[in-house]
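Top to bottom, those sequences are chains D and G.
Using my numbering, the first residue of the first sequence is number 4, and each one after it goes up by one.
Using my numbering, the first residue of the second sequence is number 18, and each one after it goes up by one.
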Amino acid sequence: MTTPHTDPEVELLKAAFDHYAPVPEHLAEMLMIGYHITTIESRLARLVEDSLVDGVATVRAGEPGVRFLSFEDDVMSIELEIDDRPMMVTGHIQTDVSGRLTLETPDGPSDVEVADDGGFSFTLHTQAPFRLRFDDGSGIPIVTEWMTP
Amino acid sequence: MDRSVDEVDYERACHGDEQAVRSLVDRHTADLHRLARAMGLQASAAVDVVQIAWMKLFEHVRRVQSGERSPLRDPGSVKYWLTAVTRNAALDVHRRRKRSGLLAERATSEAETLGHTRQDHDVAEDLLWADRRRRMWQAFPNLQESCRELLGLLMIDPPMEYGAIAEILGRPVGSIGPTRQRCLERLRKLMEG
């Protein structure tokens with residue numbers, strides 16, 4: 004295969020990015036925190052719908068600024084609406100088993116309160132990636148993919 | 018050499034070696050961040066997509082640590098895999114922004130450019146070189162999106178093979194070299210203009 008040779012202009016461009024848009028100082032440390040909170044005892048829920056990709060016609064998904072996502076696993080399903088103004092997430096979890104829903108961000112986890120009908124909502128305070136974890140006590144929690152608000 | 022170093026670190030990481038994870042992070046994060054910025058993401062969004070790429074890799078590493086098979090066909094392809102995930106995440110952000118009716122973000126805004134300009138440092142450097150660097154930085158956001166994306170991939174160090182770049186972009190490998198020349202020529206004209 005052809006490998007691009009080192010080009011002085013590309014090198015200068017790289018230097019420009021490194022000078023004017025350097026990597027944030029603490030990014031590597033943040034990433035390592037992310038590594039530490041990534042646990043092995045989980046399984047990934049399937050992403051079955053994403054209005055961003057699929058253009059899903061839902062009640063609100065057609066509205067500007069609202070993204071609709073749906074995840075499924077054998078024991079539960081989660082539907083999410085992410086509204087970027089403000090960064091509000093509303094959702095619904097459908098499952099026959101009781102469990103604990105947790106919001107995970109690179110800064111750490113926090114519990115999400117779920118109503119009797121399975122509804123929940125939370126506000127994101129940063130634009131950092133997040134995901135949801137559902138732990139039904141079986142020892143293998145279910146997690147969604149990482150998403151950005 | 019890059020492939021073998023990545024391969025060794027990835028395999029060590031999959032065996033629980035945290036230092037190997039850190040080595041991968043230190044080796045590739047700057048390239049991923051540069052790619053995200055080159056694709057027009059502002060600082061915070063660029064950090065987000067870089068985080069997403071790493072989180073996905075960490076999940077793979079953890080799963081291999083728990084006894085599952087590696088999802089990477091080739092352990093040496095870590096850089097390629099991270100690059101592709103970062104690019105997809107950046108495109109995802111753009112799609113969301115456009116869907117939200119917001120303007121796609123530019124690689125730099127005027128304010129941000131000025132904010133990061135450190136003229137005191139430039140004085141100590143070769144003034145001509147620093148001036149070219151500044152003009153290149155200011156011209157870059159005016160390139161076509163496809164050019165910014167390609168140049169973002171070409172800035173990855175050490176350089177990726179054209180075949181890998183073509184695969185990430187979904188373009189014929191024979192188009193990469195000529196497009197690169199065209200984009201650099203356009204960048205030169207923008208710098209002069």
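Even glycine gets a Cβ: it sits at the ideal position worked out from N, Cα and C.
Taking the continuous beta strand (DSSP E) assigned at H95 of chain D, which residues delimit it? On the first sequence, residue 95 of chain D is found 92 positions in, with the first residue counted as 1. Unbroken beta strand (DSSP E) run through H95 of chain D: M90 to T98.
So, using beta-carbon positions, are I193 of chain G and P132 of chain D closer together than 9 Å? The residue labelled residue 193 of chain G in the question sits at position 176 within the second sequence. The residue labelled residue 132 of chain D in the question sits at position 129 within the first sequence. No.
When the cut-off is 9 Å and only beta carbons count, does D21 of chain D lie next to chain G? Taking the first sequence and counting its residues from 1, one reaches residue 21 of chain D at position 18. Yes - at least one Cβ of chain G is within 9 Å of the one on D21 of chain D.
Starting from V13 of chain D, trace the alpha helix (DSSP H) both ways and give me its first and last residue. Residue 13 of chain D sits at position 10 when you count from the first residue of the first sequence. Looking at the DSSP string, the run of the alpha helix (DSSP H) that includes V13 of chain D is P11 to Y23.
Between D:P109, D:E107, D:P25 and D:S80, which lies nearest to V100 of chain D when the distance is taken from Cα to Cα? Translated into positions along the first sequence, residue 100 of chain D becomes position 97. Residue D:S80 is the option with its Cα nearest to V100 of chain D.
Please report the straight-line C-alpha distance between S83 of chain G and V146 of chain D, rounded to a whole angstrom. Along the second sequence, read from residue 1 onward, the residue named residue 83 of chain G stands at position 66. Along the first sequence, read from residue 1 onward, the residue named residue 146 of chain D stands at position 143. Going by the C-alpha atoms only, they are around 16 Å apart.
By the 8 Å beta-carbon criterion, what residues does the region 46–61 of chain G contribute toward chain D? T46, A47, H50, R51, R54, A55, A60 and S61
Starting from L106 of chain D, find everything on chain G with Cβ-Cβ shorter than 7 Å and list it in chain order. Indexing the first sequence from 1 puts residue 106 of chain D at position 103. Going along chain G, no residue has its Cβ under 7 Å from L106 of chain D, so there is no contact; the nearest lies around 14 Å.
Under a three-way DSSP split, which group does E107 of chain D fall into? If you number the first sequence from 1, residue 107 of chain D lands on position 104. If DSSP states are grouped into helix, strand and coil, E107 of chain D belongs with the strands.
Partners in chain G for L83 of chain D, counting only beta-carbon separations shorter than 9 Å: Residue numbering aside, residue 83 of chain D sits at position 80 when the first sequence is read from its first letter. Near L83 of chain D there are no residues of chain G at all, since even the closest Cβ is about 14 Å away, more than 9 Å.
Within 9 Å of chain G by C-beta, residues of the region 23–38 of chain D in sequence order: Y23, A24, P25, V26, P27, L30, A31, M33, L34, M35, G37 and Y38
Give the single residue among D:A24, D:H128, D:S73 and D:Y23 whose Cα lies nearest to the Cα of I96 of chain D. As a position in the first sequence, residue 96 of chain D is number 93, starting the count at 1. Of D:A24, D:H128, D:S73 and D:Y23, the residue nearest in Cα terms is D:S73.
Residue from D:L15, D:F137 and D:D10 whose Cα sits closest to the Cα of Q155 of chain G: For the purposes of this step, residue 155 of chain G is taken as the residue at position 138 of the second sequence. Among D:L15, D:F137 and D:D10, the Cα nearest to that of Q155 of chain G is on D:L15.
Range covered by the alpha helix (DSSP H) that runs through F157 of chain G: Residue 157 of chain G sits at position 140 when you count from the first residue of the second sequence. Note, F157 of chain G: premise wrong, no alpha helix (DSSP H); not H, not E.
Cβ-based burial, D120 of chain D [other Cβ within 10 Å; buried from 16]: Walking along the first sequence from the start, residue 120 of chain D turns up at place 117. By the 10 Å Cβ count, D120 of chain D comes out exposed.
Using C-beta distances below 6 Å, list every residue in its chain close to V81 of chain G, excluding the 5 sequence neighbours before and after it, in chain order. Locating residue 81 of chain G in the second sequence gives position 64, where the first residue counts as 1. For V81 of chain G, where only same-chain residues beyond five positions count, the Cβ hits under 6 Å are C31 and S87.
Taking C-beta pairs closer than 7 Å, name the residues in chain G that V51 of chain D reaches, listed in chain order. As a first step, residue 51 of chain D is located in the first sequence; it is residue number 48 there, counting from the start. Those do not exist, as V51 of chain D stays about 17 Å from chain G at its closest Cβ, beyond 7 Å.
Compute the distance between the beta-carbons of L30 of chain D and H77 of chain G, then report whether it is under 9 Å. As a first step, residue 30 of chain D must be located in the first sequence, where it is residue number 27. As a first step, residue 77 of chain G must be located in the second sequence, where it is residue number 60. The answer is no: Cβ separation not under 9 Å.
In its own chain, which residues sit with a C-beta less than 6 Å from the C-beta of Y23 of chain D, not counting the 5 before and 5 after it? To locate residue 23 of chain D, count along the first sequence from 1; it is residue 20. Cβ within range, chain order: n/a, list empty.
Would you list, in chain order, the members of the region 111–145 of chain D that have their beta-carbon closer than 7 Å to a beta-carbon of chain G? Q130, A131 and P132
Should R150 of chain G be labelled buried (16 or more other beta-carbon atoms within 10 Å of its own) or exposed? Here the question's residue 150 of chain G lines up with position 133 in the second sequence. Its Cβ being crowded by 16 or more others within 10 Å, R150 of chain G is buried.
Could you give the first and the last residue of the continuous alpha helix (DSSP H) run that contains T151 of chain D? Your numbering for residue 151 of chain D matches position 148 in the first sequence. Element bounds for T151 of chain D: n/a, residue is neither H nor E.
Can you have a look at P3 of chain D and say buried or exposed, based on whether 16 or more other CB atoms are within 10 angstroms of its CB? Outside the shown range of chain D (4 to 152) lies residue 3 of chain D, about which nothing can therefore be said.
S80 of chain D: first and last residue of the uninterrupted beta strand (DSSP E) it sits in: For this step, residue 80 of chain D is matched to residue 77 along the first sequence. Start and end: M79 to D87.
By the 10 Å Cβ neighbour count, where 16 or more other Cβ atoms means buried, how is G57 of chain G classified, buried or exposed? Within the second sequence, the letter at position 40 stands for residue 57 of chain G. Buried, because 16 or more other Cβ atoms sit within 10 Å of the Cβ of G57 of chain G.
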